[in-house]
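Quick note: UniProt numbering has the sequence shown finishing at residue 121, numbered continuously throughout. Heads up, the beta-carbon is just placed ideally off N, CA and C, and yes, glycines get one too.
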Amino acid sequence: MREGFDSAATITMSAVEPPTPVRLDLSRHAVVRGHTVIPLSVREVEALALLAAEPGRVVRRSELTTAIWGDDPPSGARALDMVIRRIREKLGPGGDAIRSVRGAGFVLVSHPSLEVTARPA
Numbered sequence: 001m002r003e004g005f006d007s008a009a010t011i012t013m014s015a016v017e018p019p020t021p022v023r024l025d026l027s028r029h030a031v032v033r034g035h036t037v038i039p040l041s042v043r044e045v046e047a048l049a050l051l052a053a054e055p056g057r058v059v060r061r062s063e064l065t066t067a068i069w070g071d072d073p074p075s076g077a078r079a080l081d082m083v084i085r086r087i088r089e090k091l092g093p094g095g096d097a098i099r100s101v102r103g104a105g106f107v108l109v110s111h112p113s114l115e116v117t118a119r120p121a
């Protein structure tokens, strides 16, 4: 036996907590993370409703912009990116379920901690 090695030593592994499930409740205009309800703005709901309508489909930037602002799009080119950034922050660990598709738009992909529970009528 090598010097300094204790054959009776045990390895203790810390329990890794699973991520808090995130529920996207579009009918309530909210993200529910554990027991915390995080309200969504109207623009955030519009964007999420479009992305959640067909998960896995790339939604073009122009389609999202029209859904959010209608015929009066914002003058700033980064306004849509800011809406998506705020949504990702509110989703927490599920935020990376919204993926950027360079030159095209955004897509909502399956994520183990994200569940869409209701879609607005």
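Using the Cβ count rule (16 or more neighbours within 10 Å means buried), how would you classify residue i?
i	result
Gly95	buried
Glu46	buried
Where residue i and residue j are concerned, what is the direct C-alpha to C-alpha distance, given to the nearest angstrom?
i	j	result
Thr65	Val32	25 Å
Pro39	Arg88	13 Å
Gly70	Thr36	31 Å
Ser100	Asp72	23 Å
Asp25	Gly105	23 Å
Arg78	Val109	22 Å
Ser41	Leu50	14 Å
Ala121	Met82	Note that Ala121 scores a pLDDT of 46, beneath 50, so its modelled location is shaky and nothing firm can be said.
Glu62	Ile68	Strictly speaking, residue 62 in this sequence is Ser, with Glu absent from that position. Going by the C-alpha atoms only, they are around 10 Å apart.
Gly103	Pro55	19 Å
Kindly give me the distance between the Cβ atoms of residue i and residue j, rounded to whole angstroms, as I take these residues to be in contact under 8 Å.
i	j	result
Val22	Pro74	With a Cβ gap of about 27 Å, Val22 and Pro74 do not count as contacting.
Glu115	Arg86	20 Å between Cβ atoms; not a contact.
Quick check on DSSP: helix, strand or coil for residue i?
i	result
Arg102	coil
Pro39	strand
Arg88	helix
Arg78	coil
Glu63	helix
Asp72	coil
Arg28	helix
Glu115	strand
Where do the ends of the beta strand (DSSP E) carrying residue i lie?
i	result
Ser25	For the sequence presented, residue 25 should be read as Asp rather than Ser. Looking at the DSSP string, the run of the beta strand (DSSP E) that includes Asp25 is Val22 to Asp25.
Spell out whether any CB of chain B is found under 8 Å from the CB atom of residue i.
i	result
Ala67	Looking at the structure shown, chain B is missing, and only one protein chain is on hand.
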